[in-house]
Amino acid sequence: MTHSFSEEPTEIFGNAREKFNTTAGTELEMTQVPDNFVSSMLRELSAGQGPPMFAWAHDIIGEFNRNGLLMDMSDDLRVDECAYTDVAWDAVNHDGKVNALPYAAEAPAFIYNKDILDELDAQPPDTIDEMKSIMDDWLDRGNQYGFGQPIDPYFSTWAGHMFGDPLYDGEQLGLDSPEFAAGLRVLLDELKPYMPSDGAYEAQEAVFRDGVAPFTVNGPWTITGFIQDTDFDVGVSTIPNKNHDEYGEGVPKPYMGVQVLFLTARAEEDSETAQVAREFVEWFTTNDEQILNLANNAGYIPVKSSISGSDELPPLVKGFSEQTEQGVLMPSDPGIGEVWVPYGDVVEEAFSTGDTSSLESDLASAAEEIRSAWEDG
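So for the sequence shown, my numbering puts the first residue at 1; every next one is plus one.
Rendered as C-alpha cells:
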C-alpha cells in the first residue's frame with residue numbers, strides 16, 4: 001500500500017499491516033510518497049507501474065477512473081454498504097463501480113474556547129445570532145476578535161450551502177443561485193466584522209489558537225495540530241444555523257472529503273494480489289479496533305456506520321463526526337477543478353475589500369467563466 005500519511009496514521013496502519021500479515025499469512029507492504037502524491041500515482045499507474053493499492057481522498061476517483069487506473073471490486077466484495085455511512089458509501093461509488101472502501105471523513109466544524117465561554121457564562125451557540133451576541137459580549141470587554149476562519153473557496157462552502165444547492169454537485173453548478181449568495185453573506189457580511197482583516201489560513205487560525213477569539217471553523221486535522229498545544233479547553237460542535245427571512249432555516253453544510261483505500265488496475269494483473277488487497281481493505285475499513293485506533297490517536301473521523309457519531313468516540317472527534325452528518329460530499333467529477341479559482345477569487349476579493357455590493361453579479365460572472373471552461377475542455 002502506498003500512502004502519504006503523517007507519523008500517527010503511518011504507525012497505526014503499519015501495526016495493522018503487521019497484524020493482517022500475521023493472521024492472513026500474506027506479505028503486504030507499505031511505501032510512503034511524501035510529496036506530489038496524486039501526480040506521482042497518476043504518472044506511475046498510467047505507465048503500467050505503481051502500487052496495487054493506495055490511500056487518498058475520494059475526490060480523485062473520477063479522474064483516475066476516466067484514465068482506467070482503478071480496479072472495480074463490486075462483483076467480489078464481501079462487505080455490505082450498510083457497514084458504512086451513506087455519504088461514505090456514495091463517495092466510493094462512481095459510474096456503477098466500487099474502486100475503493102472508506103475509513104474516515106473530514107469536514108470543517110465549529111471549534112470553541114471553553115474557557116472563554118465559561119468566563120462569559122455562555123453556552124456553545126446553536127445559531128449565528130447567538131454566536132454574534134457572545135462575540136459582542138467578548139468585544140465589549142476590550143477584546144479585538146470574536147472569530148477566525150480561513151477565507152478560501154473550500155472553507156467558505158459551509159456558508160454558501162446553507163440555504164440551497166451546493167457550489168457544484170458533480171452535475172449542476174449552484175454558485176450563481178440567490179440562495180448561495182445569501183448563505184455566503186452570512187460569512188462575508190455578518191461574521192467578517194469579528195475577524196482579522198487578513199483572510200489567510202495562518203492569520204485566521206492564530207486568533208483562536210492564541211486564545212484571542214472564542215470561535216473558529218477548521219478541520220479535524222487540528223486535533224493533532226494546534227489543539228493539542230493550546231493552554232485552554234476546546235470543544236467542537238456543528239456550525240451554528242441561521243434563519244433567513246426568505247429562505248428559512250439555514251443549516252451549514254461544508255464540503256466534506258472521505259479518506260479511502262483504492263485498489264488500482266495493477267492489482268488486476270495478478271489474481272492473488274487482487275485478493276490480498278481486497279481482503280485488507282475490507283478488513284481494515286470494518287474493523288472496530290483499527291477505526292477507533294485512528295479516532296483516538298490520530299483524530300480521524302470514522303465512517304463505519306456503527307461507530308460514526310457514537311459515544312465511543314473522543315469528544316472532539318464526535319463533534320466533527322456530527323458535522324460530517326450535515327456535510328456535502330466533495331464532487332469527484334474532474335469538473336470541480338475549473339470551479340475553485342473563479343469562485344475563490346470572488347470570495348477572497350469580497351472579504352479583502354469588505355465590499356459585497358456586487359456579490360451576486362460577481363458570482364454570476366464566475367459561473368459563466370466556469371461553464372465556458374467546461375465547454376472548451
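Even glycine gets a Cβ: it sits at the ideal position worked out from N, Cα and C.
Since residue i and residue j should fall inside the 8 angstroms C-beta cutoff, what is the C-beta to C-beta distance between them, to a whole number of angstroms?
i       : j       : result
Glu-338 : Ala-373 : 4 angstroms
Thr-356 : Arg-185 : 6 angstroms
Phe-110 : Pro-254 : The Cβ separation is near 10 angstroms, so there is no contact.
Val-79  : Thr-286 : 6 angstroms
Pro-34  : Ser-4   : 6 angstroms
Phe-232 : Tyr-112 : That pair is no contact at about 10 angstroms.
Ala-107 : Gly-225 : Between Gly-225 and Ala-107 the Cβ distance is about 16 angstroms, and since that is not below 8 angstroms, they are no contact.
Identify whether residue i lies in helix, strand or coil by the three-state DSSP scheme.
i       : result
His-94  : strand
Ala-122 : coil
Phe-110 : strand
Thr-22  : helix
Thr-127 : strand
Met-256 : strand
Gly-14  : helix
Phe-351 : helix
Arg-141 : coil
Thr-157 : helix
Ser-372 : helix
Ser-361 : helix
Tell me, please, which residues DSSP counts as bridged to residue i.
i       : result
Leu-101 : Leu-261
Leu-173 : Tyr-168
Asn-65  : Asn-65 pairs with nothing; no bridge assigned.
Thr-2   : Thr-31 and Phe-54
Gly-250 : Lys-242
Gly-148 : Thr-216
Measuring straight from C-alpha to C-alpha, what distance separates residue i and residue j?
i       : j       : result
Gly-148 : Val-207 : 6 angstroms
Asp-115 : Val-234 : 8 angstroms
Pro-315 : Glu-81  : 26 angstroms
Gln-32  : Ile-134 : 45 angstroms
Gly-299 : Leu-117 : 24 angstroms
Arg-141 : Leu-120 : 10 angstroms
Ile-370 : Gln-290 : 41 angstroms
Ala-213 : Glu-130 : 15 angstroms
Asn-21  : Glu-27  : 6 angstroms
Ile-307 : Trp-89  : 15 angstroms
Glu-8   : Asn-297 : 7 angstroms
Asp-176 : Arg-278 : 42 angstroms
Gly-257 : Trp-56  : 10 angstroms
Pro-334 : Asp-59  : 8 angstroms
Asn-243 : Ser-321 : 23 angstroms
Gly-164 : Glu-272 : 47 angstroms
- [ ] Please go through the segment 259–347 and give each complete alpha helix (DSSP H) segment of 4 or more residues, from N-terminal end onward.
- [x] 271–286, 288–298 and 315–324
Task: Whole runs of the beta strand (DSSP E) within the segment 161–236, excluding any shorter than 3 residues - done: 215–218
Open item on the list: Which runs of the beta strand (DSSP E) at least 3 residues long sit entirely within the segment 25–89? Give them in chain order.
Closed with: 53–57
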